[in-house]
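Oh and the sequence shown: position 244 is 256 in the numbering used here, straight run, nothing missing.
For every residue, glycine included, the Cβ atom is placed at its ideal position computed from N, Cα and C.
Working notes, beginning with the structure itself.
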Amino acid sequence: MIWLNWLWVGLTVLVLAGCQNVGLSGSTTATAVTATGDGCEVKFGVITSLTGSFADRAIELVRGYEMARDDLNETGGVLGCTLVLTTKDDASNAATGITAFQELVEQEQAPIVIGSFASAVTLPLVPLAGQYRTPLLAHNAANDLVTSLGSDWVFRTTGRLDNSVTALMDYTLTLRPENEPSSLAVIYENTVFGQAFAQVVTYYAKEEGISLVAVEPFTPSASDFRPLLERVQNAEPDFVLLSADQLSDALLLIKQSREIDFSPQLFLSNAGAFTSAQFLSSPYADYFLVTLDWSESANWYAADGTTTQDFIDRFQARYGVTPGDRSVNAYVSIVLAAQALEMANQPEPLDWNNIAGVRIRLRDALRELNMPDTLFGPIKFDSTGQNYHPPLIAQVNQGQLVIVAPAEHQTGQAVFPMPNWSERVIDEP
């Protein structure tokens, strides 16, 4: 746990450096509708990666945010007011994310902040949310420290990393003959995101008595992974768990695995770029086994009766692509924030001239929120602000995503072991 202690020190220094003065002055962000018919607005602050290394995937979140905003406004808005998303670009780095949070809280007087895309940007916002006493809906970050650091102001809809790793590995081991020893290799990017992943996998392997034959970190944006891959290949693992937060790294790792004909029994991943819609739709993703927070095959639906297929059809009509789990998570996060604000407005209307009071009541409403029916599955936060979200285990088979577990969402069986690269025909993009 030493690296966790150093991470906490680093986060504290970073936040304090960017947080000289914590402003909590009140200001009006929403007003009653006037007699002249002029409308009012409610602002939600959003931090996401419009530019930088995460921008190619953060667009999935932006689409979900925008669609939720428009759907809510078409049905009366929030508290009878137009919902406005005030979005700040974190440029895919933590320092800019801190500045964005401060601007949303101090200048925009947003009652809640939603975001960001990546753990590395989101984690420094966790202590910041407590200092500013402003709810942070950190729905997309994979690192479990987001809700393990003990903040009363942070909430996460995405399931815990350790739960998804356990579910993935438990299922994978059922594919092998009973009592037959299994060996595992881990390839992870040497960042906050990747280190958390490696720690969870290493702990699981130790507890389950799995032979961990290789643990290989890599520097993001490297140009040649073949020496690393050859070392892992020489260790002859049955399974290879991979973690990368940048799409370019994920694609290059698999392309170069093919070049050296590295074919374990399965490639696995449970978060990051390997579970992105862009990777899973690539020609290199076939037979990958992954955990997902959502799939178009999942039988979840919204409280108003909206089905997954309804949402997919509208999303495709608007954006020309099928939504991934991040888009649905982002959509539902806006909806649940709106629902919590409606709850906070009862039994006494919120005093928007006291924004600090609004934030406290909104935080308390989020704690009490219970949404058994959403497009993203049931949502209810525990005492740490963490939602329990059951992971779906899926495999790409000839370009199609097949849900293999749990049984209630299953659409097919896993192909095991996966074919060697030499047995596949891949159409290069």
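Under a three-way DSSP split, which group does residue i fall into?
{"i": "A197", "result": "strand"}
{"i": "Q422", "result": "coil"}
{"i": "D316", "result": "coil"}
{"i": "P123", "result": "coil"}
{"i": "Q398", "result": "strand"}
{"i": "F66", "result": "coil"}
{"i": "M430", "result": "coil"}
{"i": "F279", "result": "strand"}
{"i": "R168", "result": "strand"}
{"i": "D101", "result": "strand"}
{"i": "L185", "result": "helix"}
{"i": "V333", "result": "coil"}
{"i": "V90", "result": "strand"}
{"i": "I266", "result": "helix"}
{"i": "I324", "result": "helix"}
{"i": "L362", "result": "coil"}
{"i": "L95", "result": "strand"}
{"i": "I272", "result": "coil"}
{"i": "F129", "result": "coil"}
{"i": "L137", "result": "helix"}
Straight-line CA distance for residue i to residue j?
{"i": "F113", "j": "A289", "result": "28 Å"}
{"i": "L265", "j": "F279", "result": "11 Å"}
{"i": "I405", "j": "G76", "result": "22 Å"}
{"i": "G64", "j": "N105", "result": "8 Å"}
{"i": "A132", "j": "E118", "result": "23 Å"}
{"i": "N175", "j": "S223", "result": "20 Å"}
{"i": "S281", "j": "F393", "result": "25 Å"}
{"i": "A283", "j": "D363", "result": "40 Å"}
{"i": "L353", "j": "A217", "result": "43 Å"}
{"i": "D439", "j": "G51", "result": "53 Å"}
{"i": "T48", "j": "A150", "result": "The pLDDT assigned to T48 is 29, lower than 50, so where the model puts this residue is not dependable, and the model offers no usable value."}
{"i": "F237", "j": "S260", "result": "12 Å"}
{"i": "T40", "j": "T108", "result": "Interpretation of T40 is limited by its pLDDT of 40, a score under 50 that renders its predicted location unreliable; the figure taken from the coordinates is listed afterwards. The straight-line gap from Cα to Cα measures roughly 26 Å."}
{"i": "V232", "j": "Y299", "result": "A small fix is needed here, since residue 232 is Pro in this sequence, not Val. Their Cα atoms are separated by approximately 24 Å."}
{"i": "S235", "j": "N202", "result": "15 Å"}
{"i": "P403", "j": "F251", "result": "20 Å"}
{"i": "K267", "j": "F286", "result": "13 Å"}
{"i": "V244", "j": "S293", "result": "26 Å"}
In chain order, what residues of the same chain have a beta carbon less than 6 Å from the beta carbon of residue i, not counting five sequence neighbours either side?
{"i": "E219", "result": "none"}
{"i": "P429", "result": "Q277"}
{"i": "A44", "result": "Its pLDDT being 33, under 50, A44 is placed unreliably by the model, and nothing is read from it."}
{"i": "Q331", "result": "It is Tyr, not Gln, that sits at residue 331 in the sequence shown. So the qualifying residues of the chain are R75."}
{"i": "L253", "result": "V198, V213, L280"}
{"i": "T94", "result": "G51, E53, N85"}
Tell me the residue span of the beta strand (DSSP E) that contains residue i.
{"i": "L408", "result": "Checking the displayed sequence, the identity of residue 408 turns out to be Val instead of Leu. That run of the beta strand (DSSP E) goes 404-409."}
{"i": "V225", "result": "223-230"}
{"i": "Q412", "result": "412-417"}
{"i": "I346", "result": "Element bounds for I346: not the beta strand (DSSP E) but the alpha helix (DSSP H), 337-356."}
{"i": "V302", "result": "301-304"}
{"i": "S255", "result": "251-255"}
Counting only the same chain and skipping the five closest in sequence on each side, list residues whose C-beta sits under 7 Å from that of residue i.
{"i": "A297", "result": "F291, V408"}
{"i": "S309", "result": "I415, H421, T423"}
{"i": "T378", "result": "Before going on, a small fix: residue 378 reads as Leu here, not Thr. Excluding sequence neighbours, L378 sits near P147, F167, A352, F393."}
{"i": "L185", "result": "S194"}
Along the chain, where does the alpha helix (DSSP H) that runs through residue i open and close?
{"i": "L378", "result": "367-380"}
{"i": "T60", "result": "Run containing T60: none in the alpha helix (DSSP H); it sits in the beta strand (DSSP E), 53-60."}
{"i": "S160", "result": "157-160"}
{"i": "V204", "result": "204-220"}
{"i": "Q258", "result": "First-last for Q258: undefined, no H or E at that position."}
{"i": "E242", "result": "238-246"}
So, at 8 Å on beta carbons, what are the nonlocal neighbours of residue i in its own chain, with the 5 sequence-adjacent residues on each side left out?
{"i": "A210", "result": "V198, Y200, V227, P229, S255"}
{"i": "M355", "result": "A377, E380, L381"}
Can you find at least 3 beta carbon pairs, one from the segment 329-348 and one from the segment 357-371, that sit closer than 8 Å?
no
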